[in-house]
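Numbering-wise (this note's numbering), the sequence shown opens with residue 1 and increments by one. By construction, the Cβ of each residue, glycine as well, lies at the ideal position given by its N, Cα and C atoms. From a predicted model like this one, the values you see are computed outputs, not experimental measurements.
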Amino acid sequence: MRASRILGLASIAAGLSAALPARAGIEECGNIRFDELSGCEVRVSAECDASCSELGIYETACATKLVPVCKTECSLSAEATCTDSCTTQCQTDCDRGVNVICSHNCFVECTTERDAECAVAADAGRCSATWDANCDSECDAQCVTVDGGCYQHCIECCGGSCTADANMDCQTTCQDEIFEDCEHEFRANCDASCSGDGALFCEGKYIISGSQVPACVKALLEQGISVEAKAEVSIGPDGVTGDLSAGMCAVSPGSKAPLAAPFAALAAAAGWLARRRRRASR
């Protein structure tokens, strides 16, 4: 991370309340970040089948799932050169009266170099998805609760972004080894759900499918994210019911998401990674 980023980015949070939630992901939706997503639809039947068949639409979901899996080996601490220069800038900004809030600044600070770095990557989309998910994970861990004023918020923000920076190469390498398997797994889940509960897509990206769709849509509504049901579809404990062939939801970002717990399947995913690596070493 570069200290110069804080100067331009810190002012973004001016006037925002520190009481707003720190985490970006919604647990019921696979911890996906919805801040920049729109045009979400619950698709079923033929439209769903066609959407599921396109590999590459699973990048956001896979990167978000694989970050905690790869974190078992990607656990480097933030480099002192990054945190020292960043916290020095924090003192300058806070002395100037800039209102830094960890939960609002950390992700922006963390992703400043993403576009430039991913532009030269073999798969720019996968690179960006991995970058965002890694930044979300580290910033979430650092910014859950911050006691203190501007300076404390700023140094916690630095800790999150610098830790993500230290582990970015490791996360990318680790995810590259298992990303394709993850995409195929989600594709199978998506295909299997098209004639049932369907699948949720945002801007053409796969978010979640099957029995998890009702809870995800309900969570979006509860967080103040606008969800418009354009058909007679009801959401209950057993899934989505009603006119599924026309069931669509238009979603637009409207608020921050709640604190998100780790994936319930993290242990299973870690075991999957271990088995995958053992097979590769034979």
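When rounded, the separation of the alpha-carbon atoms in Ala188 and Asp197 is 14 Å.
Straight-line spacing of the CA atoms in Cys82 and Asn134 works out to 17 Å. About 25 Å separates the Cβ atoms of Gly125 and Ala141, ruling out a contact at the 8 Å cut-off.
Taking the Cα positions, Thr87 is about 30 Å away from Cys174. Per the coordinates, the alpha-carbon of Leu220 lies some 16 Å from the alpha-carbon of Tyr206. In terms of Cα proximity to Cys182, the closest of Glu117, Cys158, Thr112, Gly56 is Gly56. In the DSSP assignment, Ile207 falls within the beta strand (DSSP E) that extends over 205-209. A residue is called buried once 16 or more other Cβ atoms fall within 10 Å of its Cβ, and His104 is buried on that count. At a cut-off of 4 residues, the continuous stretches assigned as alpha helix (DSSP H) that sit fully inside the segment 40-84 are 45-52, 59-70.
Going by C-alpha positions, Val42 is about 33 Å away from Glu117. Nearest in C-alpha terms to Arg33, of all of Cys62, Glu54, Ser51, Ser45, is Cys62.
Within the segment 89-129, the runs of alpha helix (DSSP H) that reach at least 4 residues and sit entirely inside it are, in chain order, 102-110, 114-118. In this structure, Val146 lies near His153, with their beta-carbon atoms less than 9 Å apart.
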